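Per the working numbering, the very first residue in the sequence shown carries number 212; after that it's consecutive. Using N, Cα and C, we set each Cβ at its ideal position, and we do this for glycine too. Computed from a predicted structure; not experimentally measured. Reviewing the structure listed below.
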Amino acid sequence: MKACSLNVFLEELKPWLDRDHIRNIERGDKARLIVHFLDGTKHVYSIDDCNAAQVEAALADLKKKGIAIE
Numbered sequence: 212m213k214a215c216s217l218n219v220f221l222e223e224l225k226p227w228l229d230r231d232h233i234r235n236i237e238r239g240d241k242a243r244l245i246v247h248f249l250d251g252t253k254h255v256y257s258i259d260d261c262n263a264a265q266v267e268a269a270l271a272d273l274k275k276k277g278i279a280i281e
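Okay, structure coming up:
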């Protein structure tokens, strides 16, 4: 699991958003997000610099870009 800020998380996802690489993003407990990739790998992030509402807003924006959110 990688602890990071919301901005770092979003920056790390940028290269994958233009392609069909991400299967979905799963909400874990608290501010944990699990990114599942189509190749079977997953990356777990613990967002440590914002509240739940800010994480939900970021996930809503990713959903608008076509990423499935669970």
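Give the DSSP-derived three-state secondary structure of Glu-222 in the structure shown. Residue numbering aside, residue 222 sits at position 11 when the sequence shown is read from its first letter. The answer is helix: DSSP assigns Glu-222 an H, G or I state.
Considering only C-alpha positions, which residue in the set Val-266, Lys-274, Val-255 is nearest to Gln-213? As a first step, residue 213 must be located in the sequence shown, where it is residue number 2. In the sequence on display, residue 213 carries Lys and not Gln. It is Val-255.
Hey, how far is the Cα of Lys-274 from the Cα of Ala-268? Position 63 of the sequence shown, counting from 1, holds the residue named residue 274. Position 57 of the sequence shown, counting from 1, holds the residue named residue 268. If I take the Cα positions, the gap works out to 10 Å.
Pick out whichever of Ile-278, Glu-222, Arg-234, Ala-279 has its Cα sitting closest to the Cα of Gly-251. Counting from 1 along the sequence shown, the entry for residue 251 is found at position 40. If we check each option's Cα against that of Gly-251, Arg-234 comes out closest.
Can the beta-carbon of Asp-260 be found closer than 8 Å to that of Leu-249? As a first step, residue 260 is located in the sequence shown; it is residue number 49 there, counting from the start. As a first step, residue 249 is located in the sequence shown; it is residue number 38 there, counting from the start. No, the Cβ-Cβ distance between Asp-260 and Leu-249 is not below 8 Å.
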